[in-house]
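A.B. asks: One structure coming up, written as structure tokens, with questions to follow.
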């Protein structure tokens, strides 16, 4: 069975800058892929490529039997891919409900949904993301966390199969992060595949089924969150080589100490 | 130095949908219906004056679709007004057809085609470049038509007038009513929200599934049809059409000032603007025959400085007078 | 014979290009740096022309001498109009400033109509119309000196922008208004200077126009759209762009009128504008501006 | 209800009242005054010519009122002219004429300046069945619409340049070739067409013809084409601005010819003042000249020299033909009203149609379409800074200074 969404050898060059180089990974249906990496590693660029905003200079993204690069930006959501923006892009002069309603009108099921039905759908989603209280306020008057919630609600209004979340938890306090994580779990539970870009390790660890790590535009690791985080390549990418070497020595010493301890007690603890 | 997006200027006023303040909308519908009684006065001057208001309201509503709702400030809608006028004149001159309805329909279709052909390349431009490209189209079209002998060349040609002159008034009323209804319908429809989404943030709108190019071209075609239908009736009512009359710069600029004065991006804004501006112009002209245009320039300056978001915006200015005053400095450096 | 005619048109175009360059330079400064489409630019051109006419008729001041005078008078007028009127909406969207300058233009033109009346005036100096022949081509002295004056004006402007402190502050503000403010630039004052320069250049261009063309209150309006076309051809905010664009436009209009159709003089230039805009929305040489 | 809402309702109420109370000029036309409505340009591109027309109208009304007014059925009526600015815009002209008739209940209409504005006004008076006389719209098209209520005292546009060519073919050495150029507007095209028709009929070879945009700011490429064609006669159809621009460009490119002629310009004082010595030798067709030798009927100034001197005393400048044709426009009404013996619009219209009277301006007689094709036009030449009638021989004051010397040797 062909995988749900495939990123095949994607490269992105802006003039001299090679933002992405030969990134390849598959995404299982219903999974949650955590996309991590230090600043400037190409995470947001990859999101733009997957969501069809950028056309990759090499390789392609395959989804629902189509190459995303061939699909015009405005039809990508009709295939089932929705996304939020790292720099939020609300319709400033429209009310919060209207912002979400536009997604409901032009998303995947938008064509056979009347204006009234779109507004009702928008109201539902506002309750889901906890913005019902400000439904009639102008989007311009929202706080940063609320604007992020609005981005999620607008993306959900497109009835997506795959939801790309670009640092929706940046700038949230602890309780807000937990609420956001719970929201994402609910959305995922309803069968929506998620690709999450975050810097908060705690969030990524708890929600991702698999993790992909980027550094300087290259994929340096993929797998279960626990293994990936421990691998020296990832540590080196985040904290630099010296630290990785020392951490490797520490790891080595700890393992030798355990072997020595086990030998002296003669039986496994 | 990125200027604030047109959206911030065209802040939605009032509640419920993007049609603008509902009470003012129904008041204006009432005023429009009341205007049906004008011909009964048998005063040619009033009929001419109010037919002018209806014409400019239609043009202003036409501009409002592309400039107010979609945020693409066009300075070339007079092209479609001219096309409508010349269709009506050509139908009479070459086919001896005087059926006004036919002239309106044919004029609207030709204008819509022209908007389609012009729209695809020009609507890719942004801000001042789009504005001047449309202004350039208006000037070029006027000069090209004045060199086409089949269309009367530089000297233009007459349009035969029927005796029951009030017919032109009712025709213009009909065109205006249809435009108002269309604007209100658009304001409540998905298409309307697609326009407003493009005005607010075109890239985000595309992400949400709105096809920018197709939607913008459709908006400009509707805009063109409204302008052309007004032009078709004007040509017959005026009795004579030549390039300067059909493509006058007043017909190009006044509808924009009216939309802004009334409150662009709303349904009733253009109508309110047309009334207020005509009232100002008539009273100025009545009392200062020689220098009324001078005062008119001053009025435009004052309106833009103190009422950038239109009369309807006053309905919802928050914080009373203080809100009004400190919002004036919003764009200072 | 066709070749001689083409040569004459080329010369006509270049000679006319001088005026377009100065007109475009003022227009380009205000647009490039303040993102304002200045529809009152035509009115300032008219004021410059009438100033030259008044000085010439009553005090017999030769128009070329009144170029700096017109520049200074219009600079002061421009400075105050920007500082106390346009500054209110200088950061407003393009629509607001477009309408504001349209209202200002209407105001100024009609004041001039009241003061100078509508009759057509003109300046006829001793050397008006004198010309000399170079082979098949006839060149008018007035137009030649107009071109020389235009080159001088653009030269001075270029030096001002690159050499002087204020000039550099202006260019800095155009790149990033926030950064400029942080580094101590009083932007309101600076914008007033920029708008003043734009109006001053329009005044100077007005004097050049009054040498070859007749004067009446709405004489400035055709030059606005031409100023814009030259800005697009030559690119925004650059002095060389205005000069090259101006000469290019002059040639374009001259050839367009001769070989495509005398009645299609303006239409040809506008069609070229549309083509350039659609192909390269930022002008041929210009740098991209927000 | 916060201030915004209250304010806006007040505003809505104000503007509705404003529009409703649109200025109704108090029209207490007491019984023995004849009121004329005149929509004239005070602003816009015809502002200057509109002012000249107003001078012509006022000069006539003051003269008539001083001399006891117009006799209608045994009673003397004063005359009053009501003005409004039509912004040199045909739509405004039409609106104002409707206002004069329906709102101010004027008796008759005096036409605006310019062919397009007159055309729009003609359509209105036709509907309202109120006679209008015009003296400043020379386009014959106005009279090809079967209008019954519009009369033009002036000769039609095509005759403006024909007089010059009629003179040319009678001069020695007889010019052979001609270049005909014109601005691209109603009047100028007709003037140029008149010249082309005349040339074809009288063996003048047209070596170059072109139309340039009206209100253009540059004609240098047209002039270089004329220079290349080397014509004997250069004829330019256009208004005052176009005449100035063309004459200046012709000198700038050193274009020489035996005859330089413009349809409008030479007889207007501004042309001579602006061009100074460059205006010398230029010919122009003109409806009237102050040295014309007509003997007018009683009731108004009979001799054009007296008209010229009285006018100059009053306005401080020699009357141009626009002033004279405007006064003649009112004269037509004066004689028609006296002959009709009533103010009834239909009777006055019929009197106008049958009018046949010589005035200081020349013969006032209208053909069945309403235009005065019977009045000959005179050809003036600027000689030593003065506009002098040189053709036809009957009204010649001084012979033409022909041929025009090259620019270099003036």
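Chains as they are written, first to last, in my numbering: chain A, 1 to 269; chain B, 270 to 602; chain C, 603 to 892; chain D, 893 to 1302. Virtual Cβ for every residue (Gly too), placed ideally from N, Cα, C. No experiment lies behind these values; they were computed from the predicted model shown.
1. Below 9 Å on C-beta distance, what does residue 14(A) contact in chain B?
2. Would you say residue 1133(D) lies against chain B (beta-carbon separation less than 9 Å)?
3. Measuring straight from C-alpha to C-alpha, what distance separates residue 1294(D) and residue 1174(D)?
4. With DSSP as the reference, label residue 1281(D) as helix, strand or coil.
5. From the DSSP output, in three-state form, read off residue 733(C) for me.
6. Out of 961(D), 986(D) and 1128(D), which has the shortest C-alpha to C-alpha gap to residue 1077(D)?
7. With 16 other CB atoms within 10 Å as the buried threshold, where does residue 968(D) fall?
8. Within the continuous alpha helix (DSSP H) that includes residue 1058(D), where are the two ends?
9. Look up residue 1177(D) in the DSSP assignment and give the residues it is bridged to.
10. Buried or exposed for residue 1278(D), please, with buried defined as at least 16 other CB atoms from any protein chain shown within 10 angstroms of its CB.
11. Answer yes or no: do residue 930(D) and residue 1003(D) have a C-beta to C-beta separation smaller than 9 Å?
12. Helix, strand or coil for residue 996(D) per DSSP?
13. Taking only runs of the beta strand (DSSP E) that begin and end inside the region 196–235 of chain A, which ones reach a length of at least 3 residues, in chain order?
14. Counting beta carbon pairs with one atom in the region 100–109 of chain A and one in the region 443–457 of chain B, are three or more of them shorter than 8 Å?
15. Along the chain, where does the alpha helix (DSSP H) containing residue 476(B) start, and where does it finish?
16. At a Cβ cut of 9 Å, what residues of the region 991–1007 of chain D count as close to chain B, listed as they run along the chain?
17. Hey, out of 1158(D), 1005(D), 1216(D) and 997(D), whose CA is closest to residue 982(D)'s CA?
18. Check whether the Cβ atoms of residue 408(B) and residue 872(C) sit closer than 9 Å, and answer yes or no.
19. For residue 779(C) and residue 787(C), I'd like the C-alpha separation in whole angstroms.
20. For residue 746(C), which of 733(C), 659(C), 757(C) and 801(C) has the nearest alpha-carbon?
21. Compare the Cα-Cα distances from residue 696(C) to each of 371(B), 494(B) and 396(B) and report the closest residue.
22. Do you know offhand how far residue 1188(D)'s Cα is from residue 1254(D)'s?
23. Is DSSP giving residue 427(B) helix, strand or coil here?
24. From the DSSP output, in three-state form, read off residue 881(C) for me.
25. Using 9 Å as the limit for Cβ to Cβ distance, is residue 797(C) near chain B?
26. Is there a Cβ from chain C that is less than 9 Å from the Cβ of residue 1109(D)?
27. Ordered along the chain, which non-local residues of its own chain (more than five positions away) have a Cβ less than 6 Å from that of residue 360(B)?
28. How would you call residue 186(A), buried or exposed, if buried means at least 16 neighbouring beta carbons within 10 angstroms?
29. Between the alpha carbons of residue 261(A) and residue 250(A), how many angstroms are there, rounded?
30. For the candidate residues 949(D), 936(D), 926(D) and 927(D), whose alpha-carbon lies nearest to that of residue 1216(D)?
31. How is residue 1132(D) classed by DSSP in three states: helix, strand or coil?
32. Closer than 9 Å by beta-carbon distance: list the chain B residues that pair up with residue 1081(D), in chain order.
33. Keeping to the same chain, check which residues put their C-beta closer than 8 Å to that of residue 67(A); ignore five residues upstream and five downstream.
34. Smallest Cα separation from residue 1290(D): which of 1120(D), 1300(D), 1271(D) and 1301(D)?
35. Could you check whether residue 37(A) and residue 214(A) sit closer than 9 Å to each other, using their CB atoms as the reference points?
36. Which whole-angstrom value describes the C-beta separation of residue 956(D) and residue 974(D), a residue pair presumed to lie in contact below a C-beta threshold of 8 Å?
C.D. replies: Inspection of the coordinates gives the following:
1. In the first chain, residue 14(A) corresponds to position 14, counting from 1. Per Cβ cutoff of 9 Å: no residues; residue 14(A) is ~17 Å from chain B at best.
2. Start at 1 with the first residue of the fourth chain, and residue 1133(D) comes out as number 241. No, no contact with chain B.
3. Locating residue 1294(D) in the fourth chain gives position 402, counting from the first residue. Locating residue 1174(D) in the fourth chain gives position 282, counting from the first residue. Distance between the alpha carbons of residue 1294(D) and residue 1174(D): 10 Å.
4. Counting from one through the fourth chain, the residue named residue 1281(D) turns up at place 389. If DSSP states are grouped into helix, strand and coil, residue 1281(D) belongs with the strands.
5. For the purposes of this step, residue 733(C) is taken as the residue at position 131 of the third chain. Three-state DSSP puts residue 733(C) in a strand.
6. Taking the fourth chain and counting its residues from 1, one reaches residue 1077(D) at position 185. Looking at the Cα atoms, 1128(D) is the closest of the given residues.
7. Numbered from 1 along the fourth chain, position 76 holds the residue referred to as residue 968(D). Residue 968(D) comes out exposed.
8. For this step, residue 1058(D) is matched to residue 166 along the fourth chain. Its alpha helix (DSSP H) spans residues 1051–1060.
9. As a first step, residue 1177(D) must be located in the fourth chain, where it is residue number 285. In DSSP, residue 1177(D) forms a bridge with 1271(D).
10. Taking the fourth chain and counting its residues from 1, the one referred to as residue 1278(D) is at position 386. Exposed is the call here.
11. Start at 1 with the first residue of the fourth chain, and residue 930(D) comes out as number 38. Start at 1 with the first residue of the fourth chain, and residue 1003(D) comes out as number 111. Cβ distance < 9 Å, so residue 930(D) and residue 1003(D) count as in contact.
12. One-based indexing of the fourth chain puts residue 996(D) at position 104. If DSSP states are grouped into helix, strand and coil, residue 996(D) belongs with coil.
13. As far as the region 196–235 of chain A is concerned, its whole beta strand (DSSP E) runs of at least 3 residues are 210–215 and 218–223.
14. no
15. For the purposes of this step, residue 476(B) is identified with residue 207 of the second chain, where counting begins at 1. Unbroken alpha helix (DSSP H) run through residue 476(B): 471–476.
16. Of all residues in the region 991–1007 of chain D, those with a C-beta nearer than 9 Å to a C-beta of chain B are 991, 992, 993, 994, 995, 996 and 1007, reading in chain order.
17. Sequence index remark: in the fourth chain, residue 982(D) carries index 90 (1-based). With distances taken between Cα atoms, residue 982(D) lies closest to 1005(D).
18. Walking along the second chain from the start, residue 408(B) turns up at place 139. Walking along the third chain from the start, residue 872(C) turns up at place 270. Yes; because the gap between Cβ atoms is below 9 Å, this pair is in contact.
19. On the third chain, residue 779(C) is found 177 positions in, with the first residue counted as 1. On the third chain, residue 787(C) is found 185 positions in, with the first residue counted as 1. Their backbone Cα atoms lie some 9 Å apart in a straight line.
20. For the purposes of this step, residue 746(C) is identified with residue 144 of the third chain, where counting begins at 1. Ranking the options by Cα distance to residue 746(C), first place goes to 733(C).
21. As a first step, residue 696(C) must be located in the third chain, where it is residue number 94. It is 396(B) whose Cα lies nearest to the Cα of residue 696(C).
22. Translated into positions along the fourth chain, residue 1188(D) becomes position 296. Translated into positions along the fourth chain, residue 1254(D) becomes position 362. The straight-line gap from Cα to Cα measures roughly 8 Å.
23. As a working mapping, residue 427(B) is identified with position 158 in the second chain. In this structure, residue 427(B) counts as strand in the three-state DSSP scheme.
24. Here residue 881(C) refers to the residue found at position 279 of the third chain. Here residue 881(C) sits in helix by DSSP.
25. Translated into positions along the third chain, residue 797(C) becomes position 195. No, residue 797(C) does not count as interfacial toward chain B.
26. Residue mapping note: residue 1109(D) aligns to position 217 of the fourth chain, counting from 1. It does: the Cβ of residue 1109(D) has a partner Cβ on chain C nearer than 9 Å.
27. In the second chain, residue 360(B) corresponds to position 91, counting from 1. So the qualifying residues of the chain are 366 and 372.
28. Counting from 1 along the first chain, the entry for residue 186(A) is found at position 186. It counts as exposed.
29. On the first chain, position 261 is the one that residue 261(A) refers to. On the first chain, position 250 is the one that residue 250(A) refers to. Straight-line spacing of the CA atoms in residue 261(A) and residue 250(A) works out to 16 Å.
30. Numbered from 1 along the fourth chain, position 324 holds the residue referred to as residue 1216(D). Nearest C-alpha to residue 1216(D): 949(D).
31. Start at 1 with the first residue of the fourth chain, and residue 1132(D) comes out as number 240. Helix, per DSSP.
32. Taking the first residue of the fourth chain as position 1, residue 1081(D) is located at position 189. Those within 9 Å of residue 1081(D) in chain B are 422, 423 and 424.
33. The residue given as residue 67(A) occupies position 67 in the first chain. If we look at residue 67(A) and ignore the five residues flanking it on each side, its Cβ neighbours are 60 and 61.
34. Counting from 1 along the fourth chain, the entry for residue 1290(D) is found at position 398. The option with the nearest alpha carbon to residue 1290(D) is 1271(D).
35. In the first chain, the residue the question calls residue 214(A) occupies position 214. In the first chain, the residue the question calls residue 37(A) occupies position 37. Judged by beta-carbon spacing, residue 37(A) lies within the 9 Å limit of residue 214(A), meaning their Cβ atoms are closer than that value.
36. Here residue 956(D) refers to the residue found at position 64 of the fourth chain. Here residue 974(D) refers to the residue found at position 82 of the fourth chain. In fact, because the Cβ distance is near 16 Å, the residues do not count as touching under 8 Å.
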